[in-house]
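Here's the structure we're looking at; comments come further down.
There are 2 protein chains.
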Amino acid sequence: MQQQAATKKNAPDAGKAQDVHVDLIAVVAAVNGCEPCALTIGEADTLPSGPFELGHRSLQSGLRAWVERQTGHPLGYIEQLYTFADRDRVGDEPQQRVISISYLALTRDERAPDGPARRWRSWYDYFPWEDHRAGMPPLVTELIGPALRQWAQSAGDDSLRAERGQRIAVAFGFDDRPWNEELVLQRYELLYEAGLVAESRRGRPEAGVAPVPGRAMVLDHRRILATGIARLRSKIKYRPVVFELMAPAFTLLQLQRTVEALAGRLVHKQNFRRLIEQQELVEETGEMAADTGGRPAKLFRFRHAVLAERQAIGTKLPLTRS
Amino acid sequence: MQQQAATKKNAPDAGKAQDVHVDLIAVVAAVNGCEPCALTIGEADTLPSGPFELGHRSLQSGLRAWVERQTGHPLGYIEQLYTFADRDRVGDEPQQRVISISYLALTRDERAPDGPARRWRSWYDYFPWEDHRAGMPPLVTELIGPALRQWAQSAGDDSLRAERGQRIAVAFGFDDRPWNEELVLQRYELLYEAGLVAESRRGRPEAGVAPVPGRAMVLDHRRILATGIARLRSKIKYRPVVFELMAPAFTLLQLQRTVEALAGRLVHKQNFRRLIEQQELVEETGEMAADTGGRPAKLFRFRHAVLAERQAIGTKLPLTRS
DNA sequence: CTCCATTATACTCATCAAGAGCATAATGGA
DNA sequence: TCCATTATGCTCTTGATGAGTATAATGGAG
Numbered sequence: 001m002q003q004q005a006a007t008k009k010n011a012p013d014a015g016k017a018q019d020v021h022v023d024l025i026a027v028v029a030a031v032n033g034c035e036p037c038a039l040t041i042g043e044a045d046t047l048p049s050g051p052f053e054l055g056h057r058s059l060q061s062g063l064r065a066w067v068e069r070q071t072g073h074p075l076g077y078i079e080q081l082y083t084f085a086d087r088d089r090v091g092d093e094p095q096q097r098v099i100s101i102s103y104l105a106l107t108r109d110e111r112a113p114d115g116p117a118r119r120w121r122s123w124y125d126y127f128p129w130e131d132h133r134a135g136m137p138p139l140v141t142e143l144i145g146p147a148l149r150q151w152a153q154s155a156g157d158d159s160l161r162a163e164r165g166q167r168i169a170v171a172f173g174f175d176d177r178p179w180n181e182e183l184v185l186q187r188y189e190l191l192y193e194a195g196l197v198a199e200s201r202r203g204r205p206e207a208g209v210a211p212v213p214g215r216a217m218v219l220d221h222r223r224i225l226a227t228g229i230a231r232l233r234s235k236i237k238y239r240p241v242v243f244e245l246m247a248p249a250f251t252l253l254q255l256q257r258t259v260e261a262l263a264g265r266l267v268h269k270q271n272f273r274r275l276i277e278q279q280e281l282v283e284e285t286g287e288m289a290a291d292t293g294g295r296p297a298k299l300f301r302f303r304h305a306v307l308a309e310r311q312a313i314g315t316k317l318p319l320t321r322s
Numbered sequence: 001m002q003q004q005a006a007t008k009k010n011a012p013d014a015g016k017a018q019d020v021h022v023d024l025i026a027v028v029a030a031v032n033g034c035e036p037c038a039l040t041i042g043e044a045d046t047l048p049s050g051p052f053e054l055g056h057r058s059l060q061s062g063l064r065a066w067v068e069r070q071t072g073h074p075l076g077y078i079e080q081l082y083t084f085a086d087r088d089r090v091g092d093e094p095q096q097r098v099i100s101i102s103y104l105a106l107t108r109d110e111r112a113p114d115g116p117a118r119r120w121r122s123w124y125d126y127f128p129w130e131d132h133r134a135g136m137p138p139l140v141t142e143l144i145g146p147a148l149r150q151w152a153q154s155a156g157d158d159s160l161r162a163e164r165g166q167r168i169a170v171a172f173g174f175d176d177r178p179w180n181e182e183l184v185l186q187r188y189e190l191l192y193e194a195g196l197v198a199e200s201r202r203g204r205p206e207a208g209v210a211p212v213p214g215r216a217m218v219l220d221h222r223r224i225l226a227t228g229i230a231r232l233r234s235k236i237k238y239r240p241v242v243f244e245l246m247a248p249a250f251t252l253l254q255l256q257r258t259v260e261a262l263a264g265r266l267v268h269k270q271n272f273r274r275l276i277e278q279q280e281l282v283e284e285t286g287e288m289a290a291d292t293g294g295r296p297a298k299l300f301r302f303r304h305a306v307l308a309e310r311q312a313i314g315t316k317l318p319l320t321r322s
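Top line first, the protein sequences correspond to chains A and B.
Counting from 1, one number per residue, gives the positions in the first sequence under full-length UniProt numbering.
Counting from 1, one number per residue, gives the positions in the second sequence under full-length UniProt numbering.
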């Protein structure tokens, strides 16, 4: 218990370890139509957040309270994302430490349209280079690629140049490498390092190349959003979380479009159906879809039983390049 | 920016959101021989930890400082695990909130043997039911299974009984279900809920069945260790992290034994080698192993280049039942 | 010196998941 | 009636994976 004593020792007296402010911050995701969206509040591009308070029973309940208060939107599925302490805050007195505990939340919107308090915004407003559903966006090859390569070339020594070149190629799938939709955070951080996003230019107005297209966000919120997108893109492959974003009944095509919206790439229709059905993730409702053009489709619902039946099985999405 | 203002508002004045104490806590893992170990400090079973202080540049550097101070052991690879706020602290004044940010660290021991300050302890001292390298331990079928089933039966209503029964079967691989070595945390939490571990009996000495074998730890440290083990068991399958635990040069069998120690189960030797080699994770050093009985083995080293070459490729371990 | 236990290493085989494409079935509208 | 559009069923190929067989080196027991 000697260590325990050491830990406790600093607790009673207001020592140098005391002065920590804890923020809870949420990436609230939904898919509206074919667009994956994040919930923002206020005028600026800001994620819902607020301080962790004594009244909160737990971190999660504190987060739910803040999001509901700020947006009126109740949350369903929640998972912790990451805890940051090294935020790029300007003007903080050195005495004040800030810790941000971020969460990913999944819901359906539909409750109400955008209002003064909240606003759904497409992920791809913030990360236009992440949407590959119509193939690699010209933006990537024409703007980002050259700009990043220029940054790589500007490095002092050879090994750094090579290292940067490789990171760029891996992250963006240049040089015949495959596009990996999960590397959202790595891509954002590369652009940040290269000074190609607005966030990395704040406070130091340098005369560099113009920032790449894509809305900036307040503070480090865009980085947190990137973390959330990356987590979700990864998780849909091994856990049945997509269904948190679906209406109670849906067609397989709607499900597919949702997955595609999240992953930012297309999947092979027949293989997708095969996968979903063979894993017994869904069951027919018996109804048919209200017509959407073409042959009517069966409606399905999520088999909630799978959550109990098995752990760690999911929706490996069969990816395609077309 | 309205929300931003709201967040900032509580910062300057010492409002009710201020009083938060942040602890950093580490699961330091190494594999000594064929045993996966965690680093503990002091007399009791305690993970290295200490408060996040102003002097710390970042959460990670704060953690490194604490571990090094408490154990003399410098850390290499680190990743964040989880942030807890609802710790089962007894005697905390309600005014004092504690947040624990936990990390997983990978090293090799060898620097020095156990000393007064630190001690390596096998994971399976704490979780004897997790080691399936010699098949399902009798402990599981003879003790844990019956005790958990009894707990399930003690539930009030039918649906709760059924739900508990299913959770038990899934977590421990009963009823012909496969053993899933990643469900370390779920298994611990089941035992906790069922009152079968010492930690869940603290403060409420009930007259129930005896706790299951396995050392307890201080506070909720055993839960944090379980989280770390689960993370590592999952991660070795898709990222080349095992090599953080290996000496610079090793034989393929040593690598295999390390993976087996972590996973708590055996792998098919030939398939393991095939996988490692076809993924080009290692390269020959040219040397042969100092004899270990039998035909001498080639020594290999990790190809550090893979870390840059590709993201998200790893060591899918081919599992076997033998 | 031989036999054997032990470990290393090379192949083979069957099964199955996944990428890809073809074909047919319903529907509404031009 | 033809066609665009979506739904749905099936086949084919490839590659990954679980599992087993066979052979190569080594040291130690006898």
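Cβ coordinates follow ideal geometry from the N, Cα and C atoms, glycine included.
Scanning the region 178-250 of chain A from its first residue to its last, no whole beta strand (DSSP E) run of 3-plus residues comes out. Here residue 270 of chain A is exposed: its Cβ has fewer than 16 other Cβ atoms, across all protein chains shown, within 10 Å. Those residues of the region 165-199 of chain A placed with their C-beta closer than 9 Å to a C-beta in chain B are 166, 167, 170, 171, 177, 180, 182, 183, 186, ordered along the chain. Taking a contact as a CB-CB distance under 8 Å, the pair residue 27 of chain A and residue 105 of chain A counts as one, their CB atoms being some 7 Å apart. The residue among B:117, B:155, B:289 with its C-alpha nearest the C-alpha of residue 252 of chain B is B:289. Distance from the CA atom of residue 60 of chain B to the CA atom of residue 81 of chain B, rounded to whole angstroms, is 12 Å.
It is roughly 40 Å from the alpha-carbon of residue 153 of chain B to the alpha-carbon of residue 272 of chain A.
The contact set of residue 308 of chain B on chain A, defined by CB atoms closer than 8 Å, consists of 163, 166, 167, 170 in chain order. Counting along the chain, residue 146 of chain B sits inside the alpha helix (DSSP H) bounded by residues 145-153. Only 80, 82, 83, 84, 85 from the region 72-85 of chain A bring a Cβ to less than 9 Å from some Cβ of chain B. Chain A has no Cβ within less than 8 Å of the Cβ of residue 144 of chain B. Between the alpha carbons of residue 29 of chain A and residue 151 of chain B lies a distance of about 38 Å. Per DSSP, the continuous beta strand (DSSP E) segment holding residue 23 of chain B begins and ends at 20-32. Counting only residues of its own chain and dropping the five nearest sequence neighbours on each side, residue 181 of chain A has a CB closer than 6 Å to the CB of 233, 263, 264, 265. Membership of residue 120 of chain A in the beta strand (DSSP E) is indicated by the continuous run 118-122.
Using beta-carbon distances, residue 97 of chain B counts as an interface residue toward chain A, with a partner under 8 Å. Residues are counted here when their Cβ sits less than 8 Å from a Cβ of chain A; for the region 20-53 of chain B these are 20, 21, 22, 23, 41, 42, 43, 44, 46, 48, 49, 50, 51, 52, 53, given in chain order. The Cβ neighbour count for residue 220 of chain A, taken over all protein chains shown within 10 Å, is at least 16; the residue is labelled buried. Taking 8 Å as the threshold, the shortest C-beta distance from residue 232 of chain B to chain A does not fall below it.
The DSSP-derived three-state label of residue 51 of chain A is strand. Proximity of the region 53-73 of chain B to the region 61-75 of chain A falls short of the contact definition, fewer than three beta-carbon pairs being nearer than 8 Å.
The C-alpha of residue 140 of chain B lies about 6 Å from the C-alpha of residue 129 of chain B. DSSP places residue 74 of chain A in the coil class of the three-state scheme, outside both helix and strand. Contact of residue 229 of chain A with chain B is not assigned, every C-beta pair being separated by 8 Å or more. With distances taken between CA atoms, residue 118 of chain B lies nearest to B:40 out of B:100, B:53, B:40.
At a cut-off of 8 Å between beta carbons, residue 101 of chain A contacts chain B.
In this structure, the straight-line span from the alpha carbon of residue 58 of chain B to that of residue 85 of chain A is close to 6 Å. Under the DSSP assignment, residue 165 of chain A falls in the alpha helix (DSSP H) whose first and last residues are 158-172. In terms of Cβ geometry, residue 102 of chain A and residue 224 of chain A form a close pair [threshold 8 Å]. By the CB criterion at 8 Å, residue 276 of chain A and residue 282 of chain A fall inside the cutoff. Spanning the alpha carbons of residue 198 of chain A and residue 38 of chain A requires a straight line of approximately 19 Å. Here residue 286 of chain B is exposed: its Cβ has fewer than 16 other Cβ atoms, across all protein chains shown, within 10 Å. Assignment of residue 108 of chain B by DSSP, reduced to helix, strand and coil, places it in the coil class. Shown here, residue 286 of chain B sits in a strand according to DSSP, grouped into three states.
When the alpha-carbon of residue 227 of chain B is set against those of B:249, B:83, B:297, the nearest one is in B:83. If you draw a 10 Å sphere on the C-beta of residue 171 of chain B, you find 16 or more other C-beta atoms in it, and that means buried.
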